[in-house]
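Written out below as structure tokens is the structure these notes cover.
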Amino acid sequence: MSGAHCPPDGAPEQEPPAEEHGRRTRRTRGERPAPKHAPESGRRGVSRAGLAAILAGALVLGAAAAASAVFLDRAAAGARVASGTVIAEFDATGATTVPVAVTGLLPGGTARRLLDLTHAGTVPMSALQLTTTAGASASDGVQFALERCSQPWSADAATCGGTVSTVAADRPASARVDLPGSPALTVGATDHLRLTLRLPESAPSDAQGTSTTLTVTVLGVQGPGRHL
Numbered sequence: 001m002s003g004a005h006c007p008p009d010g011a012p013e014q015e016p017p018a019e020e021h022g023r024r025t026r027r028t029r030g031e032r033p034a035p036k037h038a039p040e041s042g043r044r045g046v047s048r049a050g051l052a053a054i055l056a057g058a059l060v061l062g063a064a065a066a067a068s069a070v071f072l073d074r075a076a077a078g079a080r081v082a083s084g085t086v087i088a089e090f091d092a093t094g095a096t097t098v099p100v101a102v103t104g105l106l107p108g109g110t111a112r113r114l115l116d117l118t119h120a121g122t123v124p125m126s127a128l129q130l131t132t133t134a135g136a137s138a139s140d141g142v143q144f145a146l147e148r149c150s151q152p153w154s155a156d157a158a159t160c161g162g163t164v165s166t167v168a169a170d171r172p173a174s175a176r177v178d179l180p181g182s183p184a185l186t187v188g189a190t191d192h193l194r195l196t197l198r199l200p201e202s203a204p205s206d207a208q209g210t211s212t213t214l215t216v217t218v219l220g221v222q223g224p225g226r227h228l
């Protein structure tokens, strides 16, 4: 038929014009399949999410470890009394209650005892507390006070060669006293304390010659754990 040109059988098909070929090429490029590394991108996204979860869990565990590292560490059973000096070694072996005997206390009179509190543990303390308990005669009004010397007290507990500071003013003999700023919070350091027992002048006449036993217990709290 006229107007329609058909190539003879066996003739090669003509290629489309360059412009049309370019358009087909662009369509082919736009429709090409995803690169093979696309699934790796997905795996990378999952890995990042998993890593975030692991880090969050590590933070929680780290906080819990720090919290669990705070525990009570009491005076060692090896604490000893010699010449009126109490040396408490902190090594988490239990609590030591030290008896301090007082005899013949008169109204207005005082009795003094030295307490050298030494931290012989291996980790710093965050707090220290001294607990005192008086015997049955506490109802007679026995008071106690606590002072600190920056150096060891004299042998007779009368003088301090350094600076004296008041830790606790007169109070009932059975009490609890916190020791903020105690040198014994630091490993190897010693807190030089002087305990003064006093029977007020206003005590009843039958309190004359009062004898009592004051028991002293030292309690330390270990500081938070540190991650090295």
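Note that the UniProt record's numbering has the sequence shown beginning at 1, numbered continuously upward. Where is the CB? At the ideal position from N, CA and C, for every residue including glycine. Quantities reported herein were computed from a predicted structural model and do not represent experimental measurements.
Where residue i falls, given that 16 or more other Cβ within 10 Å makes a residue buried
i	result
Ala203	buried
Val187	exposed
Ala209	The sequence shown places Gly at residue 209, rather than the Ala named in the question. Exposed, by the Cβ-count rule.
Ala134	buried
Leu105	buried
Thr159	exposed
Ala76	Legend: pLDDT at Ala76 = 31, less than 50; position of this residue unreliable, value from coordinates given subsequently. Flag for Ala76 reads buried.
residue 250	Residue 250 lies beyond the stretch modelled for the chain, which goes from 1 to 228, so this question has no answer here.
Glu147	buried
Gln143	buried
Ala155	exposed
Thr212	buried
Asp170	exposed
Ser150	exposed
Asp191	buried
Ala101	exposed
Arg176	exposed
Ser182	buried
Ser165	exposed
DSSP beta-bridge partners of residue i
i	result
Pro172	Gln143
Ala101	Thr213
Thr190	Thr118
Leu195	Arg113 and Leu146
Val167	Per DSSP, none; premise fails for Val167.
Asp206	According to DSSP, Asp206 bridges with nothing at all.
Asp156	In DSSP, Asp156 forms no bridge with anything.
Rounded distance between the beta-carbons of residue j and residue i, thought under 8 Å
i	j	result
Ser126	Val221	5 Å
Thr132	Leu214	6 Å
Leu195	Ala207	Leu195 to Ala207, Cβ: 20 Å. No contact.
Val167	Leu193	7 Å
Leu197	Leu130	Actually they do not touch by this definition, with Cβ atoms about 14 Å apart.
Leu114	Ala157	5 Å
Ala107	Glu201	The question names Ala, but residue 107 in the sequence shown is Pro. The Cβ separation is near 5 Å, so the contact holds.
Subject >> Complete runs of the beta strand (DSSP E) confined to the stretch 111-153 [at least 3 residues] >> reply: Counting only runs of 3 or more, we get 125-133 and 143-149.
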